[in-house]
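**Student:**
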Amino acid sequence: MARAKATILCIDDHWNGLIGRKMLLEQSGYEVLEATGWDDGLRLFRSRIVDAVVLDYQMPGMRGDMVAAKMKSINS
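Residue numbers for the sequence shown, in the numbering used here: 42 to 117.
Written as structure tokens, this is what we have:
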């Protein structure tokens, strides 16, 4: 039986960086969910099972450390 792919959520307000990481991670065998802002990232985090998160630190509206704290309170 094939092992399920690990799912990584990438959150970044810069589209080019987001797509570059997505392509690199998918080539390495991961399933990648992408969000262009912290609000979309939190929505995906709440609705999907995620194995890891790659999070931009500086985003409009909420810094990455604050998003990480919210995620930890949702599901550590």
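Here a beta-carbon is modelled for each residue, glycine too, at the ideal position from N, C-alpha and C. Quantities reported herein were computed from a predicted structural model and do not represent experimental measurements.
What residue range is occupied by the uninterrupted alpha helix (DSSP H) comprising A110?
**Tutor:** The residue given as residue 110 occupies position 69 in the sequence shown. It spans 105–115 - the alpha helix (DSSP H) in which A110 sits, taken as one unbroken run.
**Student:** Rounded to whole angstroms, what is the Cα-Cα separation between E72 and A47?
**Tutor:** For the purposes of this step, residue 72 is identified with residue 31 of the sequence shown, where counting begins at 1. For the purposes of this step, residue 47 is identified with residue 6 of the sequence shown, where counting begins at 1. If I take the Cα positions, the gap works out to 6 Å.
**Student:** Do G58 and D97 have their C-beta atoms closer together than 9 Å?
**Tutor:** In the sequence shown, the residue the question calls residue 58 occupies position 17. In the sequence shown, the residue the question calls residue 97 occupies position 56. Taking 9 Å as the Cβ cut-off, G58 and D97 qualify as a contacting pair.
**Student:** List the endpoints of the continuous alpha helix (DSSP H) containing I60.
**Tutor:** By one-based count along the sequence shown, residue 60 stands at place 19. 56–68 is the extent of the alpha helix (DSSP H) around I60.
**Student:** Can you say whether E75 is buried or exposed, counting buried as having 16 or more other CB atoms within 10 angstroms of its CB?
**Tutor:** On the sequence shown, position 34 is the one that residue 75 refers to. When all chains shown are included, E75 counts as buried.
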